[in-house]
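Participant: My structure is below; once you've seen it, I'll send some questions.
Numbering (this note's numbering), first residue to last: 1089 to 1320.
And the structure:
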């Protein structure tokens, strides 16, 4: 049964990769889109990405969705920059829904890429040092790793998804923990993205820091109390 699932997942990922390569090679619009996307990513600027998404008019939401998938796999860009842009373009609520759904899809894609292609491929995508750091999280937090890492704003999102795919964790458990853990950050980032104009930038940045510290303290307290209960 398990081997059958692996073969099924492997076939699905290979087909997706082949379709992506064929589209990139034979459809001029796809290759142009990828080049323009990577150029926007290279600026590391929310407003540049926002303008890029806006330029597609009625297809802007679809473009944003694929940008999130692209950054999950190949682009060294924090996902919250796209979340900011979505909130600015589509509003805090619908921008947040779009960001959450696309981030969940990207997480699932990274998970299955790791599960199908193995550690060697993941190391090339994330870097060996980053993956080793993720391994340390899994050794430390065990079954709570996914939820803990999603709640900590400073832990990179996509390497966690890749690392989870290399473990024995069930996809269902990974997906649920990711959805719950990602929701608070998506809400906060979407709200903040709708306010990021001019002088509000540093105010919102300060709120992010306070939010991150409060989450870290809360998680650390929960883990400490659980550890104490186990000792007793």
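A virtual CB, placed ideally from N, CA and C, is assigned to each residue, including glycine.
In this structure, how does DSSP classify residue 1223 when only helix, strand and coil are distinguished?
Facilitator: In the chain shown, counting from the first residue as 1, residue 1223 sits at position 135. Helix at residue 1223.
Participant: Going by beta-carbon coordinates alone, are residue 1125 and residue 1156 separated by less than 8 Å?
Facilitator: Taking the first residue of the chain shown as 1, we reach residue 1125 at position 37. Taking the first residue of the chain shown as 1, we reach residue 1156 at position 68. No. Outside cutoff.
Participant: Any idea what DSSP makes of residue 1162, helix, strand or coil?
Facilitator: Position 74 of the chain shown, counted from the start, is the residue given in the question as residue 1162. Correct three-state label for residue 1162: coil.
Participant: Going residue by residue through the region 1148-1215, where are the continuous alpha helix (DSSP H) segments of at least 4 residues, counting only ones entirely within it?
Facilitator: The qualifying runs are 1148-1161, 1167-1178, 1180-1205 and 1207-1214.
Participant: Grouping DSSP H, G and I as helix and E and B as strand, with all else coil, what is residue 1246?
Facilitator: Looking up residue 1246 in the chain shown gives position 158. Here residue 1246 sits in helix by DSSP.
Participant: Could you check whether residue 1175 and residue 1281 sit closer than 8 Å to each other, using their CB atoms as the reference points?
Facilitator: Residue mapping note: residue 1281 aligns to position 193 of the chain shown, counting from 1. Residue mapping note: residue 1175 aligns to position 87 of the chain shown, counting from 1. The answer is yes: Cβ separation under 8 Å.
Participant: Roughly how many whole angstroms lie between the Cα atoms of residue 1197 and residue 1203?
Facilitator: Here residue 1197 refers to the residue found at position 109 when the chain shown is read from its first residue. Here residue 1203 refers to the residue found at position 115 when the chain shown is read from its first residue. Each residue's Cα considered, the two are about 10 Å apart.
Participant: Take residue 1234 as the anchor and find which of 1255, 1227 and 1265 has the nearest alpha-carbon.
Facilitator: The residue given as residue 1234 occupies position 146 in the chain shown. Among 1255, 1227 and 1265, the Cα nearest to that of residue 1234 belongs to 1265.
Participant: Would you check if the distance between the CB atom of residue 1219 and the CB atom of residue 1227 is smaller than 8 Å?
Facilitator: Within the chain shown, numbered from 1, the residue matching residue 1219 stands at position 131. Within the chain shown, numbered from 1, the residue matching residue 1227 stands at position 139. Taking 8 Å as the Cβ cut-off, residue 1219 and residue 1227 do not qualify as a contacting pair.
Participant: Label residue 1251 either buried or exposed according to how many other C-beta atoms from any shown protein chain fall within 10 Å of its C-beta, with 16 as the threshold for buried.
Facilitator: Against the chain shown, residue 1251 aligns to sequence position 163. Under this definition residue 1251 is a buried residue.
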